[in-house]
Amino acid sequence: MVEFLLEFIVDHFLISTLCCVVATLVVLKWVGHWQMNQKMEDARRHRARGLEDMAKAVGEFKKAHPPQEAESILSLSLSQLADKLKNGSLSPESVLYTYIEKALEVHKEVNCLTDFLPDCETLLQEVKKQKDKGLLYCVPISIKDDVGYKGHDSHVGLVHFLGKPASEDSVIVQVLKKQGAIPFVKTNLPQSMINYDCSNSIFGQTLNPRNHKKTPGGSSGGEGALIAAGGSVLGVGSDVIGSIRLPCSFCGICGFKPTGYRLSTVGFETPVRGMKTAVSMSGPMARDVDSLVLFMKATLNEDMFNLDPSVPPLPFKDEIYSSKKPLRIGYYDSDGYFLPPPSARRAVQETKALLEAAGHELIPFVPPRIEYALNELCIRGFFADGAATLSEKFDADIIDPHLQQQLTFWKIPTLAKKIMAFFMKPMYPRIANHLNAHCGVGSVKGYWKHRTAIQEYSKEFVKEWRKLNLDVLLCPMLSPAFNVGSPGKLFAGFCFTMLYNVLNFPAGVLPVTTVTSEDEEELKHYKGYFDDLWDKELIKGMENGVGLPVVVQCVALPWQEELCLRFMKEVETVTRRHDRK
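Numbering (this note's numbering), first residue to last: 18 to 598.
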């Protein structure tokens, strides 16, 4: 009888305990889900109030001041705008409220804003009182959401980072403010920033202003859309594997990624800290190359060097940028790994011809061991832990539909990835190698070997460069814009940009042509190098792109930002001269 009672008590105790554990887990899950939704709703309400404040500020300004020629202000280049603000021919208030109104108009069209920075009005009055007028005196600027701004979240498209406002401005914002710039809005980005679409579960999809069926790219997609539509004259983006250059490409504007550490990224948010395979960089986005140059001149100064000692004290060398010496330019229109679409290859060849006609020397260049570099160095290092750290940031979130395929891929156990890659290799060798690279480096010892391999490859690449005595390099770019949702199915699209993050070379993009009906027809017959699933996905992603901008990529060796920008200016000059004929 005693044994029966003991068994009865133990069994019921275990059952009760199990029920309590299950109930607790259910409650915790429900509470977590409620908290997640609450954070998202709070963020949306905050944005809605910000948009209302923007409209109210514009309305009050218009009541107190005569009508402004908005189009005449919005049509000015950054250099022209800065000059007119300094000489007093434009009032700072008229410029700020004109851009606030235009940004609101653009946002209603493409959903590109995440936050209003209301202290822009107070900051403007403070800047006006300063005796020394900086290079960006009273110029309104926009910043990507991950750029730290005191009192505001940098959510990077993830609920995980909501409700954590920055305690101070990021270094780049502090420096820009010292130069007189007026940050007034933050812009949208894709969930986790590891995508070149621009959608997240908090604020939804941003559209390309040139074609609403197309994405503006990512991860600096909100910046690209806002600038391309005229809602900002200068933006601050960030680039770890192409996140400035891809949205600039898709939106048809100019963008620049400097050498790692040439500009500060202190105060920027990121879903994965400590990743060193590809150095994340801040950089400018604008409508012309002169604007990129003005940004670099404004930021490469003692203020930045003092605020962030990790930035080398290298001021902008104007004598290099202003040089008229003919350049020796390496070029390639395909890399043997991912064949660019017809319009992108044509863009390189036409730019090559224009540069030759302008007196520069063009030399064919073949990037060494490109598949090895992209898979074994870029992908394996970027996902060194098999994407575990990145994946866990999604645990308290609703997964954006356009990222679902990538996230599922990242969460596959390492052993399963290796088995899948083994069986896929005979039919889809390129995709199999890419999948295998996502397994990461495996151990600390593997990581050391990986870092050594990057250094050795960099030496090999520079050796080829030096052998041809090149100054700069002209490269293809993923262009034109993809249809909304397509980037999440083709992560390999980053291959056009991430090579130069891993090599840590400065690189920029600028538009040189547009997609023609002939390009569109040729795209229908595109087979790439492998005629595999990726090549077929590229056709689906880029179809119906006639009239969209097509860009080229310009690259220089590390720490030669001025030379890279000079090369970009040469490309811009010959292209515009040709367009005027």
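Beta carbons: idealized from backbone N, C-alpha and C, even for Gly.
The structure displayed is predicted, hence computed values, not measured ones.
Please state whether DSSP places residue i in a helix, a strand or coil.
{"i": "V479", "result": "helix"}
{"i": "D136", "result": "coil"}
{"i": "Y464", "result": "helix"}
{"i": "C395", "result": "helix"}
{"i": "S216", "result": "strand"}
{"i": "Q52", "result": "helix"}
{"i": "V190", "result": "helix"}
{"i": "L574", "result": "coil"}
{"i": "V44", "result": "At V44 the pLDDT is 49, less than 50, meaning the model places this residue with poor confidence; the figure from the coordinates comes in the next sentence. In the structure shown, V44 sits in a helix (DSSP, three-state: H, G or I)."}
{"i": "E579", "result": "helix"}
{"i": "Q85", "result": "coil"}
{"i": "F322", "result": "helix"}
{"i": "R597", "result": "helix"}
{"i": "T348", "result": "Contrary to the premise, residue 348 reads as Tyr rather than Thr in this sequence. Correct three-state label for Y348: strand."}
{"i": "L206", "result": "coil"}
{"i": "Q196", "result": "coil"}
{"i": "K341", "result": "coil"}
{"i": "V526", "result": "strand"}
{"i": "C456", "result": "coil"}
{"i": "L102", "result": "helix"}
{"i": "M57", "result": "helix"}
{"i": "L490", "result": "strand"}
{"i": "Q222", "result": "strand"}
{"i": "N128", "result": "coil"}
{"i": "S299", "result": "strand"}
{"i": "E185", "result": "coil"}
Do residue i and residue j have their C-beta atoms within less than 7 angstroms of each other?
{"i": "G234", "j": "T223", "result": "no"}
{"i": "G347", "j": "L490", "result": "yes"}
{"i": "V591", "j": "L372", "result": "yes"}
{"i": "G300", "j": "G252", "result": "no"}
{"i": "V283", "j": "V188", "result": "yes"}
{"i": "K231", "j": "A498", "result": "yes"}
{"i": "V202", "j": "L130", "result": "yes"}
{"i": "V353", "j": "I387", "result": "Just to set this straight, residue 353 is Gly in the shown sequence, not Val. Yes, the Cβ-Cβ distance between G353 and I387 is below 7 angstroms."}
{"i": "A295", "j": "F426", "result": "no"}
{"i": "T204", "j": "S159", "result": "yes"}
{"i": "A81", "j": "L179", "result": "no"}
{"i": "D136", "j": "H169", "result": "no"}
{"i": "N521", "j": "T316", "result": "no"}
{"i": "A573", "j": "Y474", "result": "no"}
{"i": "C268", "j": "G241", "result": "yes"}
{"i": "P493", "j": "D402", "result": "no"}
{"i": "D552", "j": "G545", "result": "yes"}
{"i": "V289", "j": "T406", "result": "yes"}
{"i": "P384", "j": "E477", "result": "no"}
Tell me, to the nearest whole angstrom, how far the beta carbon of residue i is from that of residue j; I am working on the premise that it is less than 8 angstroms.
{"i": "D256", "j": "M292", "result": "So it is not a contact: roughly 14 angstroms between Cβ atoms."}
{"i": "D417", "j": "Q208", "result": "4 angstroms"}
{"i": "T533", "j": "P566", "result": "Incorrect: roughly 12 angstroms between the Cβ atoms, too far for contact."}
{"i": "L420", "j": "K434", "result": "Wrong, their Cβ atoms sit about 18 angstroms apart, outside the cutoff."}
{"i": "S266", "j": "V568", "result": "5 angstroms"}
{"i": "Y166", "j": "D186", "result": "6 angstroms"}
{"i": "A72", "j": "T115", "result": "Actually they do not touch by this definition, with Cβ atoms about 14 angstroms apart."}
{"i": "R262", "j": "V458", "result": "Actually they do not touch by this definition, with Cβ atoms about 26 angstroms apart."}
{"i": "K101", "j": "L107", "result": "4 angstroms"}
{"i": "I337", "j": "R593", "result": "Wrong, their Cβ atoms sit about 22 angstroms apart, outside the cutoff."}
Taking the alpha carbon of residue i as the point to measure from, which residue in the options has its own alpha carbon closest?
{"i": "V192", "options": "D548, V591, N323, L516", "result": "N323"}
{"i": "A99", "options": "A573, E88, V156", "result": "V156"}
{"i": "L153", "options": "L175, K195, E538", "result": "K195"}
{"i": "R345", "options": "P84, L580, K103", "result": "L580"}
{"i": "E554", "options": "R594, N518, M585, G505", "result": "G505"}
{"i": "E578", "options": "P357, G403, F312, D402", "result": "F312"}
{"i": "E138", "options": "I117, K341, H63", "result": "I117"}
{"i": "N217", "options": "N225, P226, L206", "result": "L206"}
{"i": "A375", "options": "D70, V144, H595, V310", "result": "H595"}
{"i": "V588", "options": "K79, F78, D307", "result": "D307"}
{"i": "M585", "options": "L175, Y464, V310, M210", "result": "V310"}
{"i": "M210", "options": "L280, L243, G259", "result": "G259"}
{"i": "S89", "options": "K119, G67, D70", "result": "K119"}
{"i": "L408", "options": "Q422, A370, H455, K428", "result": "It should be noted that the sequence gives Ser, not Leu, for residue 408. It is K428."}
Answer with buried or exposed for residue i, where buried requires no fewer than 16 other C-beta atoms within 10 angstroms of its C-beta.
{"i": "A198", "result": "buried"}
{"i": "A246", "result": "buried"}
{"i": "A364", "result": "buried"}
{"i": "H229", "result": "exposed"}
{"i": "D488", "result": "buried"}
{"i": "M444", "result": "exposed"}
{"i": "I270", "result": "buried"}
{"i": "L540", "result": "buried"}
Any heavy atom of the ligand MG closer than 6 angstroms to the CB of residue i?
{"i": "G277", "result": "Absent from the structure shown: the ligand MG. Ligands present: none."}
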